[in-house]
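Here is the structure we will look at.
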Amino acid sequence: MHHPLKRMPADYRLTPSEKTKLASNGFVAVERMWAKSFAEIYYQFYTDDMPNFVTADSVLHAWHRSFDTFLVEVELQILSPTLYKVLTTTLNQCTKAISATPKSDDDKRRAMVDVELFLRVALSLLRGIPESGLSENTNKLECLLTFIQKEEPAKAEILSAKRGVDFSQFKPRRHYTISELLMRYFRCLVWLGTMDFRIAGGENPDEDLH
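With the first letter of the sequence shown counted as 1, position 113 gets the number 113 in full-length UniProt numbering; the numbers rise by one all the way through.
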């Protein structure tokens with residue numbers, strides 16, 4: 001629907017201050033005609049019989065928003081459920097392996113207990129509630145979840161070693177702030193992606209794996 005010229009809802013003429021900026025800088029950004037999207041502005045110009053200048057950034061913005069929407073659907077419907085299945089299956093196998101390991105084999109058992117905690121933190125973040133498991137790891141789990149919740153750099157014990165971790169990276173951003181499910185998925189991925197398994201360079205050189 002096109003508006004008669006005399007009934008235009010917006011006044012597109014430049015104000016005196018905008019004209020001054022145009023003369024001084026060669027361009028002026030008009031902020032008084034705010035819109036939620038490029039499409040809304042284009043449609044408003046079209047219905048007001050005004051010329052439309054379609055820029056490359058508006059097309060790229062539409063492409064990015066389409067990709068972002070597609071990514072959200074894939075993460076919620078496919079990746080998050082798959083990640084949950086992988087973590088629960090792996091944690092279950094880890095728990096069985098710990099039960100089958102002789103208590104006399106301290107090094108092997110300690111390594112698997114560390115892995116159990118690592119997986120429990122990931123599952124706790126994904127589910128939004130602390131994951132049950134070995135009692136000897138419960139306090140460590142609660143401590144790590146507290147660090148993550150505070151979102152501040154701190155020294156934490158991970159994989160039987162004290163290390164500095166920038167927990168501010170666990171703050172959800174971009175489209176991961178849309179829903180609680182996406183925020184939990186984001187924190188879980190950050191945990192899995194930033195916690196490294198160190199094979200050398202620890203406090204005790206005898207524990208190096210090469």
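Ideal placement from N, C-alpha and C gives every residue a C-beta, glycine not left out.
- In this chain, the alpha helix (DSSP H) harbouring Asp-68 covers 56-74.
- Nearest in C-alpha terms to Lys-19, of all of Val-28, Asp-11, Leu-181, is Val-28.
- Within its own chain, the residues whose Cβ lies closer than 7 Å to the Cβ of Arg-120, once the five positions on either side in sequence are excluded, are Leu-91, Glu-131, Gly-133, Asn-137, Leu-141, listed in chain order.
- By the beta-carbon neighbour count (other beta carbons within 10 angstroms, threshold 16), Leu-87 is buried.
- DSSP, reduced to helix, strand and coil, places Ala-29 outside both helices and strands of the structure shown, so it counts as coil.
- For Glu-157, DSSP records a beta bridge to Lys-162.
- With contacts defined by Cβ atoms closer than 8 Å, Ala-154 and Phe-167 form a contacting pair.
- Cys-94 places its beta carbon less than 8 Å from that of Val-115.
- For Ile-178, the CB contacts under 8 Å within the same chain, skipping 5 residues up- and downstream, are Val-72 in chain order.
- In this structure, DSSP gives Pro-81 a helical state, which the three-state scheme calls helix.
- DSSP, read as helix, strand or coil, puts Arg-184 in helix.
- Taking 8 Å as the cut-off, the Cβ atoms of Cys-188 and Leu-125 count as close.
- Per DSSP, reduced to three states, the secondary structure at Ala-111 is helical.
- Between His-175 and Asp-57, the C-beta gap is not smaller than 8 Å, which leaves the two residues out of contact.
- Ranked by Cα distance from Pro-172, the first of Trp-191, Ile-78, Ile-158, Glu-157 is Trp-191.
- The residue among Phe-118, Ala-97, Phe-147 with its C-alpha nearest the C-alpha of Lys-108 is Ala-97.
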